[in-house]
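The sequence shown begins at 645 in the numbering used here and counts up by one. Just so you know, even glycine gets a beta-carbon here, dropped at the ideal spot from N, CA and C.
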Amino acid sequence: MRNKFRALGVALLTCCVLLTGCGSLAICPGADLASSEVVTLKGFFREHLIYIQQLEITSVDWQRPENIWFVSEARIPPGKHSIGIQQTITTMGTGRTVCVVDGNFEAGHTYKFASFSSTPDDHWYDVLPDQYKGSIGVEVSTPGSNPQKMQLETECSSRKQLCSQVAECRNGSGRPYLCKREPDFKYGLCEQQLP
C-alpha cells in the first residue's frame with residue numbers, strides 16, 4: 645500500500661512539473677555569472693476563480709531549451725534579443741497563444757512579464773486572426789529600486805507557430821514546411837508546403 649502512495653506521489657509531482665513549466669534556462673556562457681552580469685526573464689502562473697493563466701518563455705533568439713517546451717525563468721546575456729513566449733489559458737479547454745517580443749535587455753535587470761494584450765483593443769470574445777500585433781506589460785526591476793512598468797510590442801499567433809526562417813518550424817510529420825511572411829510583419833508563420 646505504501647508503494648502505491650509513493651508511486652502516486654511521484655506521478656503527481658511529475659505532472660505538476662510538466663504542467664507548470666517548472667524550470668529555468670541559462671543561455672549564458674558560464675552558469676556561475678552574477679545576477680548583475682545577466683538579464684533575468686520571468687513568466688507567471690496565476691489561478692483565477694474560473695481559469696488558470698500561465699506565461700512561459702519558449703525561446704531566446706529562436707534557441708529553444710533542450711528536452712522541454714518552455715521554462716518559467718531564463719538568464720540571458722544583456723543586449724538585443726527576440727524572446728519567444730507562450731500564454732496558456734485553461735478553463736474547460738485550453739487556449740494557447742505564442743508571441744515574439746523584441747527588446748534591448750540590460751544586465752542586472754529582471755524583466756517579469758506582467759500582463760498580456762492580444763491587440764490594443766481586444767476583447768475576450770474576439771476571434772483572433774492567424775497573425776496579429778499586440779503588446780505585453782513588463783515589470784522591470786533592479787536590486788534596491790522600485791519596479792518600473794513598460795509595454796513591449798509583440799507579434800503573435802493563436803493558431804500557428806511563428807518563425808524567422810524555415811528551420812524553426814517544428815515538424816514531427818516529416819512533411820516540408822515554409823516560413824511564410826505577410827506584409828507588415830517582421831516574422832512569419834509555419835505553414836505546410838503543398839505539393
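Please check the pair C834 and Q809, which I expect to be a contact at CB under 8 Å, by giving their CB distance rounded to whole angstroms.
Contact flag wrong, Cβ pair sits at about 10 Å.
For S779, name the three-state secondary structure that DSSP assigns.
strand
For F689 and I729, which I take to be in contact (beta-carbon distance under 8 Å), what is that distance rounded to the nearest angstrom?
In fact, because the Cβ distance is near 13 Å, the residues do not count as touching under 8 Å.
Can you tell me which of the three DSSP states A811 falls into?
helix
Measure from the alpha carbon of I720 to the alpha carbon of each residue in T798, Q731, S703, then state which is nearest.
S703
For G739 and I733, the rounded distance between their alpha carbons
5 Å
Of the listed residues G788, N790, E799, nearest to R825 (C-alpha basis):
E799
Taking all protein chains shown into account, decide if S789 is buried (16 or more other Cβ within 10 angstroms of its Cβ) or exposed.
exposed
From V682 to E717, what does the alpha carbon distance come to, in whole angstroms?
13 Å
Count the other CB atoms within 10 Å of the CB of T735; is the residue buried (16 or more) or exposed (fewer)?
exposed
In chain order, what residues of the same chain lie with their CB nearer than 6 Å to the CB of P764, ignoring the 5 residues before and after it?
Caution applies to P764, whose pLDDT of 48 falls short of 50 and renders its modelled position unreliable; the model cannot decide the point.
Kindly list the residues whose CB is nearer than 8 Å to the CB of S837, restricted to its own chain and excluding five residues on each side of it in sequence; keep chain order.
Residue identity check: residue 837 is Gln in the sequence provided, not Ser. Correct list, in chain order: R819, P820, Y821, L822.
Between L772, A751, S802, E812, which lies nearest to T786 when the distance is taken from Cα to Cα?
A751
May I ask which residues mark the beginning and end of the beta strand (DSSP E) holding L677?
First-last for L677: undefined, no H or E at that position.
Endpoints, beta strand (DSSP E) assigned at F749
738 to 749
When you compare only the Cα positions, how much space is there between E797 and K830?
12 Å
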